[in-house]
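Counting along the sequence shown from 1, when you hit position 152 you're at 249 in my numbering, and nothing is skipped either side. Structure, as structure tokens:
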Amino acid sequence: MKVPMKVPMKVPMKVQLGIMAMIDIATNSQGGRVVTTTSISKRQNISPKYLEQILPALRLAMLIRSQKGSNGGYIITKPCNQITLKDIINALDPNILSDVYFDTNNKNSTMIDTINDDLWNNMTSYLQDYTEKITLKDICDDYRQRLDNQEAQFMYYI
């Protein structure tokens with residue numbers, strides 16, 4: 098029996114980089130510090146121009162707040178345990194978690210309806226529920242843990 102290859106779900110780059118930016122802002126804005134576009138860009142290797150296209154969507158969704166001026170940047174607007182992955186994804190591309198279905202312009206619409214009902218509707222529901230349960234805090238905690246584990250691997254004792 099052949100082992101199936103893992104095929105990644107194609108997530109739009111805007112969503113991927115937006116989630117990364119939210120994690121970066123959340124982990125680096127402790128104590129009310131603002132996080133600059135430049136600092137996010139350097140840490141995450143994201144083009145500053147691309148970030149400038151992504152961050153307004155997160156701001157409009159009231160997930161981050163911008164501060165202008167020489168000490169300007171971004172800060173998370175509410176506790177990370179109150180921001181869900183679903184909130185972030187919907188701010189960046191609400192179509193990802195919307196209904197997925199086959200087009201019924203096929204001659205065998207009974208089969209298509211069955212597939213839509215049994216597969217796609219359930220999967221859409223699952224994705225919406227799952228992303229609503231995961232908070233930005235959960236993701237940030239996992240990220241910090243992975244960083245700590247990485248650092249522990251590279252510790253040298255003399």
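We treat Cβ as the ideally placed atom computed from N, Cα and C, and that holds for glycine.
Same chain, Cβ closer than 6 Å to residue i, neighbours up to 5 away in sequence not counted
i, result
"PRO109", "ASP190"
Cβ separation of residue i and residue j, assumed to be a contact under 8 Å, to the nearest whole Å
i, j, result
"ILE161", "ILE143", "15 Å between Cβ atoms; not a contact."
"VAL112", "ILE193", "6 Å"
"ALA118", "ILE137", "6 Å"
Collapsed DSSP secondary structure at residue i in the structure displayed
i, result
"LYS243", "The displayed chain sequence assigns Arg, not Lys, to residue 243. If DSSP states are grouped into helix, strand and coil, ARG243 belongs with the helices."
"SER163", "strand"
"VAL112", "helix"
"THR181", "strand"
"GLY169", "coil"
"THR258", "Absent from the structure is residue 258, since the part of the chain shown begins at 98 and ends at 255."
"THR133", "coil"
Within 9 Å, strictly: CB atoms of residue i and residue j
i, j, result
"ILE116", "ILE185", "yes"
"ASN178", "ASP121", "no"
"GLU229", "LYS183", "yes"
"GLY170", "VAL132", "yes"
Close beta carbons around residue i, own chain, < 7 Å, minus the five adjacent residues each side
i, result
"ALA123", "ILE173, CYS177, LEU233 and CYS237"
"ARG140", "ASP121"
"SER126", "VAL132, ILE172 and ILE173"
"GLU149", "THR134"
Sequence-distant residues of its chain with Cβ nearer than 8 Å to residue i (five each side left out)
i, result
"THR135", "PRO145"
"TYR240", "ILE120 and THR124"
"ALA188", "GLY115, ALA154, LEU155, LEU157, ALA158 and LEU160"
Near the ligand GDP: residue i beta-carbon under 8 Å from a heavy atom
i, result
"TRP217", "As presented, the structure is devoid of all ligands, the ligand GDP included, so that no description of it is given."
Are at least three pairs of beta-carbons, each pair with one atom in the stretch 151-159 and one in the stretch 214-224, less than 8 Å apart? no
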